[in-house]
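Participant: Supplied in structure tokens, the structure appears directly below.
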Amino acid sequence: MSTYIAPVRDMHFVLNELAGPEEITGLPGYEETSPDLAEAILDEAGKFASEVLDPINRQGDRQGCTCQGGVVTAADGFKEAYQLFCDTGWNGMPAATEFGGQGLPALVSTAVLEMWKSSNMAFSLCQMLTLGAVEAIAHHGSEELKRTYLPNMVAGTWTGTMNLTEPQAGSDLAAIRTRAVPDGDFFRITGTKIFITWGEHDMAENIVHLVLARLPDAPPGVKGISMFVVPKFLVNKDGSLGERNDLVCASIEHKMGIHGSPTAVMAFGEKQGAVGYLVGEAGKGLAYMFTMMNHARLNVGLEGVAIAERAYQHALAYARERVQGAPIGHKSGETRTILHHPDVRRMLMDMKSRTEAMRALAYWVAAQMDRARRHSDPAVRQQAQAYVDFLTPVVKGWSTESAVDIASTGIQVHGGVGFIEETGACQYYRDARITPIYEGTTGIQANDLIGRKLAREKNERGDTGVTAKAWLEEVSTFATGLAPDSQLGEIGIALRRAVGNMQEATAWLLSNYDGHPQAAAAGAVPYLKLTGIVAGGWLMARAARIAQERLAAGSGDDYYRAKLATARYFAAHVLPQAAGLKDAIVGGSAAVLALPESLF
Numbered sequence: 056m057s058t059y060i061a062p063v064r065d066m067h068f069v070l071n072e073l074a075g076p077e078e079i080t081g082l083p084g085y086e087e088t089s090p091d092l093a094e095a096i097l098d099e100a101g102k103f104a105s106e107v108l109d110p111i112n113r114q115g116d117r118q119g120c121t122c123q124g125g126v127v128t129a130a131d132g133f134k135e136a137y138q139l140f141c142d143t144g145w146n147g148m149p150a151a152t153e154f155g156g157q158g159l160p161a162l163v164s165t166a167v168l169e170m171w172k173s174s175n176m177a178f179s180l181c182q183m184l185t186l187g188a189v190e191a192i193a194h195h196g197s198e199e200l201k202r203t204y205l206p207n208m209v210a211g212t213w214t215g216t217m218n219l220t221e222p223q224a225g226s227d228l229a230a231i232r233t234r235a236v237p238d239g240d241f242f243r244i245t246g247t248k249i250f251i252t253w254g255e256h257d258m259a260e261n262i263v264h265l266v267l268a269r270l271p272d273a274p275p276g277v278k279g280i281s282m283f284v285v286p287k288f289l290v291n292k293d294g295s296l297g298e299r300n301d302l303v304c305a306s307i308e309h310k311m312g313i314h315g316s317p318t319a320v321m322a323f324g325e326k327q328g329a330v331g332y333l334v335g336e337a338g339k340g341l342a343y344m345f346t347m348m349n350h351a352r353l354n355v356g357l358e359g360v361a362i363a364e365r366a367y368q369h370a371l372a373y374a375r376e377r378v379q380g381a382p383i384g385h386k387s388g389e390t391r392t393i394l395h396h397p398d399v400r401r402m403l404m405d406m407k408s409r410t411e412a413m414r415a416l417a418y419w420v421a422a423q424m425d426r427a428r429r430h431s432d433p434a435v436r437q438q439a440q441a442y443v444d445f446l447t448p449v450v451k452g453w454s455t456e457s458a459v460d461i462a463s464t465g466i467q468v469h470g471g472v473g474f475i476e477e478t479g480a481c482q483y484y485r486d487a488r489i490t491p492i493y494e495g496t497t498g499i500q501a502n503d504l505i506g507r508k509l510a511r512e513k514n515e516r517g518d519t520g521v522t523a524k525a526w527l528e529e530v531s532t533f534a535t536g537l538a539p540d541s542q543l544g545e546i547g548i549a550l551r552r553a554v555g556n557m558q559e560a561t562a563w564l565l566s567n568y569d570g571h572p573q574a575a576a577a578g579a580v581p582y583l584k585l586t587g588i589v590a591g592g593w594l595m596a597r598a599a600r601i602a603q604e605r606l607a608a609g610s611g612d613d614y615y616r617a618k619l620a621t622a623r624y625f626a627a628h629v630l631p632q633a634a635g636l637k638d639a640i641v642g643g644s645a646a647v648l649a650l651p652e653s654l655f
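Per the working numbering, residue 56 is the first one in the sequence shown, and the count goes up by one each step.
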């Protein structure tokens, strides 16, 4: 079994040279977040991930969680690790200082969060859902709710969840039936929610559930949904914990992966009704929940980056140790490690280059989040937010779909033993497989991308697809600038071709979305993947130019040579996929819809 080592060199490169930290540190409130401070934070986080979280990851997978009489017990070592995690201040690091957090830029905290997800994805989900709940309450809750719940949630003493899905509803939130009946200053919540990550556990004193429910007079559909804070234990006026609320974990799911993270079926109000407190205004619960969901979607995309990195490290360690056969071009009987075999090198290069591209995109979007929140120029804030909105479904969908493929390749590098659980490669595939599903499937992300983020995005003149077109023009200009370069010209040409394919696909979708909505939807997932490939290729090309400049200036850092190699691989092997995806979008919808339902 390999040990996770945080890829701090690549993280520092993206933070300090690619994503534009010189602008982030100049934003109001971020002045003290210097590159030196960020480096120190990442180094310490890397140690915690390697020394505390990674060693219990395998145990969490093998043992899982147990549920007896509604009491859920985490796997051995998780409770102690969580206590240390909170005691050392990691839990609240990204949260606002007014609630006890450290208020670090999203760009820096994203790199740290990647480490938690790589070293122990199941463990990291508890913090992810808590921070998402913190965001929702901070943005939409009353001052009393903020004062009552946020300091303990930021500290990690209490954890948070979001309760959306119901057995009969699935992703169709308009069909939820959970009810909220007024009772004085609060509401009585009754209903059942499923797939609640860390919905019950023994690691924290209290669990704060954010629950979507309907008031008695609520209209049908999503406009009738409200959001409520429903704590496991009620909170007294002095802040101490009171009696147990009327909610219980009915069971936990037996899952394919992330066994260390309990996924609960939550039953609310089986007796007198669970006490809940309205967040914001009635009927706006779904809009409020999207604050949490968008936070979660970006973080699930980051899970894709993290699991891909972990699967790559595991496969690389095996390839360096496994001696088998004579590589092509060597004498018979002259055995070498399998790292010398061209096809193994191809698989590892594919894993490495795609992971680096995914990391660059996730971090770049995080930097845009910082600009959207803090930049002094309203126009810059608006443009940055437009990029965040456009690329959030891409970070989520493309990164997670890629992670499944990369984790599968990791098993392939191991050969037959990769299929054996004891080698550990299987866990990364099993853990990765949920990521394209939860927090909105790839299809949901893709429909959001071509709908709200492309066809229905309009400027004051009524033009559609404004953000996508502007971004593609920026990428095209950059690619054209690389083409004459003797060393980077091939990367520039490959990127320019990919941009051309995406521009053609974008134009087709915009012209067909209103008149032929099913045809457009049939190409939505290919378009999401196409966008991810072009975005990843753009950032890898930018990374290659930076690396070339550093080497030309006399840097002897082998990291830059490796970055040039992975960028060239991405341009030669991944960017050409854009042409096939474009053809599937522009000319493939009829084939998708050709077969009558009765013939399936």
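For each residue, glycine too, the CB sits at the ideal point set by N, CA and C.
If I follow the unbroken alpha helix (DSSP H) through G215, where does it start and stop?
Facilitator: To locate residue 215, count along the sequence shown from 1; it is residue 160. First-last for G215: W213 to N218, but that is the beta strand (DSSP E), not the alpha helix (DSSP H).
Participant: Do you know offhand how far R232's Cα is from M148's?
Facilitator: Residue 232 sits at position 177 when you count from the first residue of the sequence shown. Residue 148 sits at position 93 when you count from the first residue of the sequence shown. In a straight line, the C-alpha of R232 is about 36 Å away from that of M148.
Participant: For R299, report the span of its beta strand (DSSP E) as first-last.
Facilitator: Start at 1 with the first residue of the sequence shown, and residue 299 comes out as number 244. First-last of the beta strand (DSSP E) with R299: L296 to R299.
Participant: Excluding the five sequence neighbours on either side, which residues of its own chain have a C-beta within less than 6 Å of the C-beta of H195, listed in chain order?
Facilitator: As a first step, residue 195 must be located in the sequence shown, where it is residue number 140. Around H195: V334, G335 and Y343.
Participant: Provide the residue span of the alpha helix (DSSP H) that contains Y343, from first to last.
Facilitator: Position 288 of the sequence shown, counting from 1, holds the residue named residue 343. Segment G340 to E376, the alpha helix (DSSP H) holding Y343.
Participant: Buried or exposed: T455, going by 16 or more other Cβ atoms within 10 Å of its Cβ?
Facilitator: As a first step, residue 455 must be located in the sequence shown, where it is residue number 400. T455 is buried by the Cβ-count criterion.
Participant: Starting from P286, trace the beta strand (DSSP E) in both directions and tell me its first and last residue.
Facilitator: Numbered from its first residue, the sequence shown carries residue 286 at position 231. Taken as a continuous stretch (DSSP letters only), the beta strand (DSSP E) holding P286 covers I280 to P286.
Participant: Whole angstroms is fine: what's the gap from T58's alpha carbon to G465's?
Facilitator: As a first step, residue 58 must be located in the sequence shown, where it is residue number 3. As a first step, residue 465 must be located in the sequence shown, where it is residue number 410. Whole-angstrom Cα-Cα distance: 15 Å.
Participant: By DSSP, does D227 sit in helix, in strand, or in coil?
Facilitator: For the purposes of this step, residue 227 is taken as residue 172 along the sequence shown, with counting starting at 1. Here D227 sits in coil by DSSP.
Participant: Helix, strand or coil for P237? Go by DSSP, reduced to three states.
Facilitator: Sequence index remark: in the sequence shown, residue 237 carries index 182 (1-based). Of the three classes helix, strand and coil, the one that applies to P237 here is strand, per DSSP.
Participant: Measuring only the C-alpha atoms, how far is R436 from R428?
Facilitator: Looking up residue 436 in the sequence shown gives position 381. Looking up residue 428 in the sequence shown gives position 373. Taking the straight line joining both Cα atoms gives about 7 Å.
Participant: Could you check the C-alpha separation between A381 and A374 for me, to the nearest Å?
Facilitator: Taking the sequence shown and counting its residues from 1, one reaches residue 381 at position 326. Taking the sequence shown and counting its residues from 1, one reaches residue 374 at position 319. Between A381 and A374, the C-alpha separation is close to 14 Å.
Participant: Reducing DSSP to helix, strand and coil, say where Y59 ends up.
Facilitator: Here residue 59 is taken as the residue at index 4 of the sequence shown, counted from 1. Y59: coil per DSSP, three-state reduction.
Participant: Kindly indicate which three-state DSSP category Q123 falls into: helix, strand or coil?
Facilitator: Position 68 of the sequence shown holds residue 123. Three-state DSSP puts Q123 in a strand.
Participant: Flag this pair as yes or no: are the beta carbons of M406 and Y367 separated by less than 8 Å?
Facilitator: The sequence position of residue 406 within the sequence shown is 351, counting from 1. The sequence position of residue 367 within the sequence shown is 312, counting from 1. Yes, these two residues count as a Cβ contact at 8 Å.
Participant: By the DSSP assignment, the beta strand (DSSP E) with T455 in it spans what residues?
Facilitator: Here the question's residue 455 lines up with position 400 in the sequence shown. Counting along the chain, T455 falls outside any beta strand (DSSP E), though it belongs to the alpha helix (DSSP H) covering P433 to H469.
Participant: Could you check which residue in A649, S306, F242 and N556 has the C-alpha nearest to that of Q327?
Facilitator: If you number the sequence shown from 1, residue 327 lands on position 272. The option with the nearest alpha carbon to Q327 is F242.
Participant: Find the nearest neighbour of G324 within the set F283, I244 and S174, judged by alpha-carbon distance.
Facilitator: Position 269 of the sequence shown, counting from 1, holds the residue named residue 324. The shortest Cα separation from G324 among F283, I244 and S174 belongs to I244.
Participant: So, with DSSP's three-state summary, where would you put Y332?
Facilitator: Reading the sequence shown from its first residue, position 277 is the one you call residue 332. If DSSP states are grouped into helix, strand and coil, Y332 belongs with the strands.
Participant: Quick one: what's got a C-beta closer than 7 Å to M424's C-beta in the same chain, skipping five residues either side?
Facilitator: By 1-based counting over the sequence shown, the position of residue 424 is 369. A161 and V443, listed in sequence order.
Participant: Going by DSSP in three states, I475 sits in which element: helix, strand or coil?
Facilitator: Within the sequence shown, numbered from 1, the residue matching residue 475 stands at position 420. In the structure shown, I475 sits in coil (DSSP, three-state: anything other than H, G, I, E or B).
Participant: Going along the chain, which residues of its own chain have a beta-carbon closer than 8 Å to the beta-carbon of L663, five neighbours each way excluded?
Facilitator: A query on residue 663 cannot be resolved here, the shown segment of the chain reaching from 56 to 655 and no further.
Participant: Quick check on DSSP: helix, strand or coil for S644?
Facilitator: Counted from its first residue, the sequence shown places residue 644 at position 589. It is helical.
Participant: By Cβ distance below 8 Å, which residues in the same chain neighbour E545 in space, the five residues on each side in sequence not counted?
Facilitator: Locating residue 545 in the sequence shown gives position 490, where the first residue counts as 1. These residues qualify, in order along the chain: R623, A626 and A627.
Participant: Measure the C-alpha to C-alpha separation of V285 and N291 and round it to an integer number of angstroms.
Facilitator: On the sequence shown, position 230 is the one that residue 285 refers to. On the sequence shown, position 236 is the one that residue 291 refers to. Their Cα atoms are separated by approximately 14 Å.
Participant: Measuring CB atoms only, is the stretch 221 to 239 touching the stretch 195 to 209, in the sense that at least three cross pairs come out at less than 8 Å?
Facilitator: No: fewer than three Cβ pairs fall under 8 Å.
Participant: Using only the alpha-carbon positions, how far apart do E255 and L139 sit?
Facilitator: Taking the sequence shown and counting its residues from 1, the one referred to as residue 255 is at position 200. Taking the sequence shown and counting its residues from 1, the one referred to as residue 139 is at position 84. When rounded, the distance between both Cα atoms is 20 Å.
Participant: Excluding sequence positions up to five away, which residues of its chain have a Cβ less than 7 Å from the Cβ of Q440?
Facilitator: Position 385 of the sequence shown, counted from the first residue, corresponds to residue 440. A427, listed in sequence order.
Participant: Give me the Cα-Cα distance between Q182 and S174, rounded to the nearest whole angstrom.
Facilitator: Here residue 182 refers to the residue found at position 127 of the sequence shown. Here residue 174 refers to the residue found at position 119 of the sequence shown. Rounded to whole angstroms, Q182 to S174 spans 14 Å at the Cα level.
Participant: Check whether the stretch 75 to 94 touches the stretch 118 to 128, counting contact only when three or more Cβ pairs, one atom from each stretch, lie closer than 8 Å.
Facilitator: No, they do not touch.
Participant: Which value, in whole angstroms, describes the spacing of the CA atoms of W312 and V449?
Facilitator: The sequence position of residue 312 within the sequence shown is 257, counting from 1. The sequence position of residue 449 within the sequence shown is 394, counting from 1. Rather than Trp, the amino acid found at residue 312 in this sequence is Gly. If you take the alpha carbons of G312 and V449, they lie about 23 Å apart.
Participant: Using a Cβ distance threshold of 8 Å, determine whether the stretch 578 to 592 contacts the stretch 552 to 563, with at least three qualifying pairs required.
Facilitator: Short answer: they touch.
Participant: Name the two residues that bound the continuous beta strand (DSSP E) containing H264.
Facilitator: Within the sequence shown, residue 264 is the residue found at index 209, counting from 1. From DSSP, the beta strand (DSSP E) with H264 extends over N261 to R269.
Participant: Locate the alpha helix (DSSP H) running through G589, then write down its first and last residues.
Facilitator: One-based indexing of the sequence shown puts residue 589 at position 534. The sequence given here places Val at residue 589; Gly does not occur at that position. Unbroken alpha helix (DSSP H) run through V589: A579 to A607.
Participant: For a test of the three-state rule: what should DSSP assign to T621, helix, strand or coil?
Facilitator: Within the sequence shown, residue 621 is the residue found at index 566, counting from 1. T621: helix per DSSP, three-state reduction.
Participant: Can you have a look at G294 and say buried or exposed, based on whether 16 or more other CB atoms are within 10 angstroms of its CB?
Facilitator: Walking along the sequence shown from the start, residue 294 turns up at place 239. Its Cβ having fewer than 16 others within 10 Å, G294 is exposed.
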